[in-house]
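Trainee:
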Amino acid sequence: MCRTALDAEYTAWSTVQGMASLIVDGVLDDLDDAARDRAIHRALTNVERGLATGPNARDFSSRAGFR
Numbered sequence: 525m526c527r528t529a530l531d532a533e534y535t536a537w538s539t540v541q542g543m544a545s546l547i548v549d550g551v552l553d554d555l556d557d558a559a560r561d562r563a564i565h566r567a568l569t570n571v572e573r574g575l576a577t578g579p580n581a582r583d584f585s586s587r588a589g590f591r
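Note that the numbering used here has the sequence shown beginning at 525, numbered continuously upward.
(1) Identify the continuous alpha helix (DSSP H) that holds Leu-555 and give its terminal residues.
(2) With DSSP collapsed to three states, give me the class of Asp-549.
(3) Assuming Leu-555 and Ala-563 make a contact with CB atoms under 8 Å, what is their CB distance in whole Å?
Following this line, the structure appears as structure tokens:
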């Protein structure tokens, strides 16, 4: 598996896992159903956008100190 695919897999997993943890742990309990659905939708949309750009996406990692 190429490095880009592996990074995409970890990013998608961590986003979904993080959102699930927020819901299960009760962090989002103060949100009504519609607001919680919007938060989930935003998280998944960000993953989708990230995956859609593929390896030609602008590299932010060097600016953010991730290398």
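Cβ atoms here follow ideal geometry from the backbone N, Cα and C, with glycine treated the same way.
Mentor: Put simply:
(1) By 1-based counting over the sequence shown, the position of residue 555 is 31. Neither: Leu-555 is in no alpha helix (DSSP H) and is coded neither H nor E.
(2) In the sequence shown, counting from the first residue as 1, residue 549 sits at position 25. Note: Asp-549 maps to coil in three-state DSSP.
(3) As a position in the sequence shown, residue 555 is number 31, starting the count at 1. As a position in the sequence shown, residue 563 is number 39, starting the count at 1. Rounded to whole angstroms, the Cβ separation of Leu-555 and Ala-563 is 7 Å, and the two are in contact under 8 Å.
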